[in-house]
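Read in order, the letters of the sequence shown correspond to residues 6 to 383 in our numbering.
A short write-up of the structure that comes next.
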Amino acid sequence: MGKFEKYIEKGGKRMRYGYTTGSCATAASKGAATMLLSGERRNAITIDTPKGWQLAIDLYDIEMTAEAVTCSVIKDAGDDPDVTDGMRVFATVRRQTAPGVTFKGGPGVGRVTLSGLSIPVGEPAINPTPRAMMRRELAVVAKDFGYTGGFEVTIAMPEGIELAKRTFNPKLGVVGGLSVIGTSGVVTPMSEESLKASMKLELSVLREKGYENILYVPGNYGEDFAKSLGLDRAPMIKISNFVGFMLEQAERMGVKRILFIGHLGKLIKVAGGIFQTHSAVSDARMEILAANAAWMGADRGCIDRILRCTTTDDAIPIIREAGIGGYFDHIAQRVKARCEAKVYGNVAFEVILFSREYGLLGQTAGARAFKEFFACTK
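Here it is, written out as structure tokens:
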């Protein structure tokens, strides 16, 4: 049937939708169940998704016996940069006397080891929506063939053993493989919502473990700098550009304190009240740097030079040459104030600013003690 041909316009580009591992597992299990009850091979199957779209999906690796049928589906992530794109998702379906569906995890499907997720500890990491999709489609198959028993469904993703190392799963307490996921059945290319959902889940797991003090970093640079400060074992989340969203989640989940470590180029935006820091959404870095320099007494020449800079690293020596004492500590304090105002004072913040070229730039008054607290947390 070929690839999934639905598209969305994003940033002037035509981008293709894909389908989730949950849809893959559903198609494979429905295909296997259909072949088990009919005794006839099927090369493709059609499923419904929670999004309301119907998917026609090809079936591969078919093995049929009287007791069980196995087949696979190849994951199609569309134009989303998904590590599971092209991976095979297998389903083996057997009859069982009891009605309903029993789910088992085969190779490459992770097992839940921590509470705080939507699946009980000890269960295979097959999320609620994919389970519901499979139950619904298998009920349709049973009705079509007049079958009154149930099904045992084993999902396997052999490549998931290695691929899981490139996901959040180990930090979330899902060990041994990937999760079968998806709430809509469809992958939206470059989806912000999926990234937000992952970060929200990661924070939820940390709270379930009892952590009230969390380390936020925007990305890999922040993570590397935090590790250089001895914070490699702190409860850390990379929040990407979604500062406002993750501040709100922290407040909602009862986080008490956050140490926010970030590159000047990111956090200067927060100092100006910008809580979505992607360059495509906002960029007033030099204006915010210059405004704060002016407020602290910089002359017009200094301000003009800052405004002409291309990067925040370019502006650092200009600010230092101007002799503006405590400038970067002031910026850190502005970030702290903005963050605390965003959550109505319900979460306390400390902030550390750095540059890849110049190292530590500034920090809030309580950052050192907070850092030492984290460094002692093993």
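Where is the CB? At the ideal position from N, CA and C, for every residue including glycine.
The structure displayed is predicted, hence computed values, not measured ones.
Helix, strand or coil: how does DSSP classify residue i here?
i	result
residue 246	coil
residue 269	helix
residue 216	coil
residue 134	helix
residue 128	coil
residue 305	helix
residue 324	helix
residue 312	helix
residue 12	strand
residue 143	helix
residue 260	coil
residue 191	strand
residue 255	helix
At which residues does the beta strand (DSSP E) containing residue i begin and terminate?
i	result
residue 281	Run containing residue 281: none; DSSP gives neither H nor E here.
residue 356	353–360
residue 96	93–101
residue 20	18–21
residue 366	364–368
Name the DSSP beta bridge partners of residue i, please?
i	result
residue 109	159
residue 60	52
residue 65	77
residue 221	242, 265
residue 183	114
Taking the continuous alpha helix (DSSP H) assigned at residue i, which residues delimit it?
i	result
residue 171	Run containing residue 171: none; DSSP gives neither H nor E here.
residue 41	26–43
residue 119	Per DSSP, residue 119 belongs to no alpha helix (DSSP H) and is neither H nor E.
residue 333	332–347
residue 295	290–300
Under the rule that 16 or more other beta-carbon atoms within 10 Å means buried, what is residue i, buried or exposed?
i	result
residue 254	buried
residue 320	buried
residue 332	buried
residue 383	Residue placement at residue 383 cannot be trusted, given a pLDDT of 45 that sits under 50; the coordinates are not used to answer.
residue 86	exposed
residue 172	buried
residue 136	buried
residue 19	exposed
residue 374	exposed
residue 14	exposed
residue 303	buried
residue 54	buried
residue 207	buried
CB residue i to CB residue j, shorter than 7 Å?
i	j	result
residue 31	residue 187	no
residue 343	residue 267	no
residue 354	residue 341	yes
residue 356	residue 265	yes
residue 28	residue 64	no
residue 23	residue 83	yes
residue 33	residue 78	yes
residue 113	residue 162	yes
residue 276	residue 293	yes
residue 179	residue 115	yes
residue 121	residue 189	no
residue 81	residue 156	no
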